[in-house]
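Here's the structure, in structure tokens; my notes come after.
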Amino acid sequence: MTPLPYTPAKGYTSPKWARLSPGHTDAPSGGRLDPGQACGRGCYNRAVILAIETSCDDTCAAVVEPGGRRALSNVVHTQTEHARYGGVVPEVASRAHLERIDGVIEKALEDASIVLDDVTGVAVTVRPGLIGALLVGVSAAKGIAYARRLPLIPVDHLEGHVAAAYLAQPDLEPPFVALIASGGHTALYAVDAGGMRLLGETLDDAAGEALDKGARMLGLGFPGGPEISKAAEGGDPSRHEFPVGLKNRDNLDFSFSGLKTSLLYKLKALDEEGARRERPHLAAAYERAVVDALSRKLLRAAEAERAGTVVVAGGVAANGLLRRTLEGECGDRGLRLVIPPPALCTDNAAMIGAAAPLSKAVPFPGYLGLNARSV
Ligand code: KG4
Ligand code: ZN
């Protein structure tokens with residue numbers, strides 16, 4: 000078997016974890032720090048969680064306050080190695096995580112003006128995701144936690160996506176209805192103090208996957224969501240009609256496979272020049288069909304659950320058209336809409352730290368046998 004091409008990361012430097020916390024004696028306030036005040040040299044004077052996320056193709060670390068409502072740093076390294084394949088290659092992702100995880104963690108500590116000695120707990124994504132990729136983060140988290148006798152907090156990636164809303168609006172409290180739309184998942188949940196209850200989900204592709212595959216068919220780059228939005232600028236969304244999956248079904252499920260097939264047939268009917276000319280219109284109509292499906296079912300779920308607040312999370316929540324559409328629709332219905340800023344919608348570790356208070360911490364050293372799970 001031919002090994003996959005692999006380019007070592009540029010600019011990678013090994014971590015300097017040997018640094019120790021200098022203590023509080025030279026703090027700017029003359030040796031005393033207010034709770035939460037960082038002296039910039041490793042004396043944060045308050046519990047902080049180091050959060051790690053490596054479930055797909057972003058190597059992420061963040062420092063978050065234990066309440067999960069404020070991030071002190073949030074470092075994301077998006078792997079560019081996958082662009083040439085038009086999708087994430089699992090083995091390439093694992094190797095790239097391995098190469099960068101130390102540097103990303105170090106940067107997260109540095110950005111938060113703390114050192115490793117200040118960390119009081121380590122949160123990490125344990126499921127769902129690419130198993131090899133998850134294992135890199137889980138192993139790093141176990142190593143750091145074990146060496147410092149810290150508790151380890153295993154976090155579900157999807158709960159993390161929803162928890163990003165708490166960083167965006169720290170006064171947010173359940174109950175609410177949440178839509179998660181990412182590259183791997185598209186689902187609706189009723190969220191209350193007891194956890195998340197599944198209301199409906201995609202029967203085939205995830206919304207992000209439909210955008211990624213659609214972009215590929217249109218000859219655009221990866222990831223497809225932002226590429227389709229860019230290509231759709233100036234396009235007329237009403238020039239082509241795309242099916243909105245399960246549009247009139249009285250349920251809360253989604254389907255995006257018909258949309259994808261429809262694009263394929265539309266493209267087959269065009270020659271090269273026609274496809275190039277129609278690209279902005281096709282991209283605009285395709286994007287609108289995805290947004291229509293998501294907003295329609297989210298609003299239906301809010302009505303069914305009599306929810307006053309809706310949260311939208313996951314990479315697709317970064318989409319401008321979806322955000323604008325929901326702002327209008329929720330405004331009309333008097334619904335509170337919480338969509339985190341785009342950087343907290345796509346994969347990041349701050350959201351994993353935000354979900355940490357909702358997950359059960361495993362005390363030292365009980366987590367050594369803890370495993371990652373792909374589903
Ligand atoms: O949540 P995420 O970063 O990773 C997963 O957990 O899957 O989501 C990635 C997905 C990709 O399919 C990508 O095309 C989509 O989110 N995405 C977007 C935008 N930014 C990322 N889709 C639409 N518009 C965007 N601006
Ligand atoms: Zn995700």
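Under numbering that gives the first Met the number 0, think of the first position of the sequence shown as 0, with each following residue one higher. Where a beta carbon is used, it is the ideal one built from N, C-alpha and C, also for glycine. Remember, it's a predicted structure, so these values are computed and weren't measured experimentally.
- Secondary structure at Pro-153: strand, using DSSP grouped into helix, strand and coil.
- Distance from the Cα of Leu-325 is smallest, within the candidate group Ala-111, Val-289, Ala-283, Ile-351, for Val-289.
- The C-alpha of Arg-299 lies about 40 Å from the C-alpha of Glu-271.
- In the displayed model, Leu-266 falls within a helix according to three-state DSSP.
- The residues Ala-214, Leu-219, Gly-220, in chain order, have a CB closer than 7 Å to that of Glu-226 in the same chain once the five nearest residues on each side in sequence are set aside.
- Secondary-structure assignment with DSSP links Leu-197 through a beta bridge to Tyr-188.
- As far as DSSP is concerned, His-160 takes part in no beta bridge.
- With respect to the C-alpha of Asp-211, the residue from Leu-129, Ser-373, Ala-180 having the closest C-alpha is Ala-180.
- For Leu-71, same chain residues with a beta-carbon under 6 Å away, outside a window of 5 residues either side, are Val-62, Ala-111 in chain order.
- The straight-line gap separating the alpha-carbon atoms of Val-75 and Gly-327 is approximately 31 Å.
- Arg-278 counts as buried, since at least 16 other C-beta atoms from the protein chains shown sit within 10 angstroms of its C-beta.
- Secondary structure at Leu-97: helix, using DSSP grouped into helix, strand and coil.
- Of all C-beta pairs linking the segment 331 to 338 to the segment 159 to 172, three or more are shorter than 8 Å, placing the two stretches in contact.
- The beta carbon of Val-154 sits closer than 7 Å to the beta carbons of Ala-122, Val-123, Thr-124, Val-125, Ile-351, Ala-354, Ala-355, Ser-358 from its chain, once the five residues preceding and following it are set aside; these are given in chain order.
- Here Asp-57 is buried: its Cβ has 16 or more other Cβ atoms, across all protein chains shown, within 10 Å.
- For Cys-55, the three-state secondary structure derived from DSSP is coil.
- For the 8 Å CB-CB criterion, His-96 and Val-87 do not form a contact.
- Using a cutoff of 7 Å, the CB of Cys-59 does not count as near the ligand KG4, since none of the ligand's heavy atoms is closer than that.
- For Leu-321, the uninterrupted alpha helix (DSSP H) run begins and ends at 319 to 332, by DSSP.
- Spatial neighbours of Pro-341 in its own chain (CB-CB distance under 7 Å, excluding positions within 5 residues in sequence) are listed in chain order as Ala-317.
- Tyr-264 is classed as exposed because its beta carbon has fewer than 16 other beta carbons within 10 Å across all chains shown.
- With a 10 Å radius around the Cβ and a threshold of 16 neighbouring Cβ atoms, Asp-346 comes out buried.
- Taken from the Cβ of Thr-53, every heavy atom of the ligand KG4 lies 7 Å or farther away.
- If you check the CB distance, Val-243 and Asp-291 come in under 8 Å.
- Every alpha helix (DSSP H) of 4 residues or more that sits fully in the segment 213 to 295 is shown, in chain order, as 223 to 231, 256 to 267.
- Taking Glu-158 as reference, the option from Glu-52, Ala-274, Ala-284 with the minimal CA-CA separation is Glu-52.
- Taking C-alpha positions only, Ala-349 is separated from Gly-85 by approximately 27 Å.
- Relative to the non-hydrogen atoms of the ligand ZN, the Cβ of Asp-346 comes within a distance shorter than 7 Å of at least one.
- For the 8 Å CB-CB criterion, Gly-183 and Ala-163 do not form a contact.
- Under the 8 Å Cβ criterion, the segment 254 to 261 does not count as touching the segment 303 to 316, having fewer than three qualifying pairs.
- Secondary structure note for Leu-133: its alpha helix (DSSP H) is the uninterrupted segment 130 to 146.
- For Ala-312, the three-state secondary structure derived from DSSP is strand.
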